[in-house]
Amino acid sequence: MSAVLTRPESRTARVDDDGRFLWTRAAFLEALSRGDFGVDNKIELLRGEVYFKMTMQLPHFRALYNVLHALQPIFEPNHFVIMQMPLALNEDDYPEPDLAVLDEDPSQVTSLPKTALLVVEVSDTTLHKDRTTKAAIYAQAGIEDYWILNLNDRVLELYRQPAPMQSEAWGFGYRSITRFSETDSVAPLCAPQNPISVAALLP
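One point on numbering: in numbering that gives the first Met the number 0, the residue at position 203 of the sequence shown is 202, and numbering is uninterrupted.
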């Protein structure tokens, strides 16, 4: 993914210590509503910077379907599995995770979700960003269960126990990080009685 260089006109944007122009969520949504990024671009706000999302390739498409197909029977109808929809986690971030499990009905909400029971990113070219920037964003927001389906190594990475961490670049991270291979099964933290085969998630 490549950062957008366009600067917002809104006074709610800031410049960081390195001179980079940062967006607030308010300025980002204002620009989005004006069509400043074009109508066909998939974008998200991460730590005040705007990123174009890369075009989805077949392995990512298949993995996304596999995860959706695995999660829906576990959580619905009492919870709701959404795909590539935004989370309004804080004033500097507006990510669109590949999948998220919500405790509220998306058709009934009056504002965008501010948390999720589970967040899943299907990752190949974005692996570094998913492990660092997005992990910090989700940890700061208190997301207890964050999964990265790592297509490069064909493993599922589980991130749990979010906490402030001075050792991390963004000051937040996960104290527990575990990798599971294709022969393993993993259960969501909020549905421990429902293990999922990692092999069933991979394309």
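Built from N, CA and C at the ideal position, the CB exists for glycine as well. The structure presented is a predicted model; accordingly, all values stated were derived computationally and were not measured.
L200 places its beta carbon 8 Å or farther from that of N89. Secondary structure within the segment 104-145: the alpha helix (DSSP H) runs of 4 or more consecutive residues, fully enclosed, are 126-130 and 132-139 (chain order). With contacts defined by Cβ atoms closer than 8 Å, D129 and E143 do not form a contacting pair. F171: member of the beta strand (DSSP E) spanning F171 to F179, first to last residue. Counting along the chain, the unbroken alpha helix (DSSP H) around R61 starts and ends at L57 to F74.
The residues E143, D144, Y173, S175 and L188, in chain order, have a CB closer than 7 Å to that of R159 in the same chain once the five nearest residues on each side in sequence are set aside.
Assignment of S32 by DSSP, reduced to helix, strand and coil, places it in the helix class. Here L200 carries a helix assignment [DSSP, helix/strand/coil]. Secondary structure note for R159: its beta strand (DSSP E) is the uninterrupted segment V154 to P163. In the DSSP assignment, Y50 falls within the unbroken beta strand (DSSP E) covering E48 to F51. Assignment of beta-bridge partners to F79 by DSSP yields L101. In the DSSP annotation of this structure, the continuous segment of the beta strand (DSSP E) that includes L45 starts and ends at I42 to L45. When the alpha-carbon of T182 is set against those of A198, D123 and A168, the nearest one is in A198.
Looking from the CA of N193, the closest CA among A162, T54, F27 and E75 belongs to E75.
Comparing alpha-carbon positions, the option among R33, P96 and F36 lying closest to M82 turns out to be P96.
With respect to the C-alpha of E167, the residue from V154, Q139, A25 and L98 having the closest C-alpha is Q139. The alpha carbon of L67 has as its nearest neighbour, out of I42, S180 and L117, the alpha carbon of L117. Taking a C-beta distance under 8 Å as the contact criterion, D123 and H59 qualify as a contact pair. Contact annotation, V185 with L155: C-beta distance approximately 6 Å; criterion of less than 8 Å satisfied. In this model, R178 and G37 are separated by some 38 Å (Cα to Cα). Per the coordinates, the alpha-carbon of Q56 lies some 17 Å from the alpha-carbon of L98.
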